[in-house]
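*Asks:* Here it is, the structure in full.
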Amino acid sequence: MSDDPAHLLFPNDAPKPQQPPAVSAPAVADASKAVSPASPAGPVAATKPDDVAAKLFKDDAVDSNAKAVTEILGGFAASAIGDGDGGERARAIEAAGDGLIADAMASGTDTKELFAVVNVIHELQANSLTEPTAEQAVQRMTEGLEVCRAENIADADLDLGRRFVMEHLEKIAPGTAYTLERTGAGNDIRVIRAVIAEAKRRGFGR
Numbered sequence: 001m002s003d004d005p006a007h008l009l010f011p012n013d014a015p016k017p018q019q020p021p022a023v024s025a026p027a028v029a030d031a032s033k034a035v036s037p038a039s040p041a042g043p044v045a046a047t048k049p050d051d052v053a054a055k056l057f058k059d060d061a062v063d064s065n066a067k068a069v070t071e072i073l074g075g076f077a078a079s080a081i082g083d084g085d086g087g088e089r090a091r092a093i094e095a096a097g098d099g100l101i102a103d104a105m106a107s108g109t110d111t112k113e114l115f116a117v118v119n120v121i122h123e124l125q126a127n128s129l130t131e132p133t134a135e136q137a138v139q140r141m142t143e144g145l146e147v148c149r150a151e152n153i154a155d156a157d158l159d160l161g162r163r164f165v166m167e168h169l170e171k172i173a174p175g176t177a178y179t180l181e182r183t184g185a186g187n188d189i190r191v192i193r194a195v196i197a198e199a200k201r202r203g204f205g206r
């Protein structure tokens, strides 16, 4: 068996997800190094969640779920400031968050659904403190697969979800796949259902 972590949304033979930006945790070896091509060099000031929300939603009538998403992602970025990389990972997290929200709004995604997925990552962020062992990754995948079978989720739908993450979300928000993998959210039935439902809603892959 491959030493690569096994995940329902990220099989061992899938393209290796781009590592930045892992949410929450302090730097762990090279996994925490994030590069944002459009980011200026040098240190950056700590980003407050309200700053992120204000940048993305200038209207006073802000969607509460969308604002909650920016607050969570802003918190991830703020906690990454201390990584000692001049703010690269923090900027990458912000850029990924901007990409996810812009894509959701442009595609008519229900912000309640987007918040639900981001909140699962928030719940599981402690899992990203250390890289999961191969055994832990396989156990997570096995448990997740059992739930999928109980929920009658077809293999074709799982494949659709994988492709939606790797071929679309990873492009508009680099680091999404790595974050889902690192936290274990890629094996969480709530995330799996949401990703598949969104891919189908958009007619992805047709």
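In case it helps, UniProt numbering puts the sequence shown at residues 1 to 206.
Where a beta carbon is used, it is the ideal one built from N, C-alpha and C, also for glycine.
Since the structure is predicted, the reported quantities are computational estimates derived from the model, not experimental observations.
(1) If contact is defined by three or more beta carbon pairs under 8 Å, each pair taking one atom from either stretch, is the segment 110-128 in contact with the segment 151-163?
(2) With distances taken Cα to Cα, identify the nearest neighbour of valine 165 among Ala199, Ala68 and Gly99.
(3) Alanine 77: which of Lys67, Asp63, Ser64 and Gly97 sits nearest, CA to CA?
(4) If you draw a straight line from the alpha carbon of valine 142 to that of histidine 122, how long is it in whole angstroms?
(5) Just the C-alpha distance for asparagine 187 and glutamate 135, rounded to the nearest angstrom, thanks.
(6) Express the C-alpha separation of arginine 201 and aspartate 83 in angstroms, rounding to a whole number.
(7) Where do the N-terminal and C-terminal ends of the alpha helix (DSSP H) with asparagine 127 fall, by residue?
(8) Can you tell me where the alpha helix (DSSP H) with valine 165 in it begins and where it stops?
(9) Just tell me which of Thr183, Glu146, Ala92 and Ala104 has its CA closest to the CA of glutamate 131.
(10) Quick check on DSSP: helix, strand or coil for glutamate 151?
(11) Look at the alpha carbon of valine 44 and the alpha carbon of histidine 168, and state the distance between them as a whole number of angstroms.
(12) Output yes or no for whether 8 Å exceeds the beta carbon distance between valine 191 and valine 138.
(13) Measuring CB to CB, does isoleucine 189 end up less than 8 Å from cysteine 148?
(14) Helix, strand or coil: which one does DSSP assign to aspartate 63?
(15) How about alanine 116 and alanine 194: do their beta carbons lie closer than 8 Å?
(16) Run through DSSP, which three-state label would threonine 142 get?
*Replies:* For this structure:
(1) no
(2) Ala199
(3) Gly97
(4) The question names valine, but residue 142 is threonine in the sequence shown. Whole-angstrom Cα-Cα distance: 22 Å.
(5) 14 Å
(6) 38 Å
(7) Per DSSP, asparagine 127 belongs to no alpha helix (DSSP H) and is neither H nor E.
(8) Valine 165 -> no alpha helix (DSSP H), and no H or E assigned at all.
(9) Thr183
(10) coil
(11) Any answer about valine 44 is weak, because its pLDDT of 42 lies below 50 and its placement is not dependable; what the coordinates show is given next. Each residue's Cα considered, the two are about 29 Å apart.
(12) no
(13) yes
(14) coil
(15) yes
(16) helix
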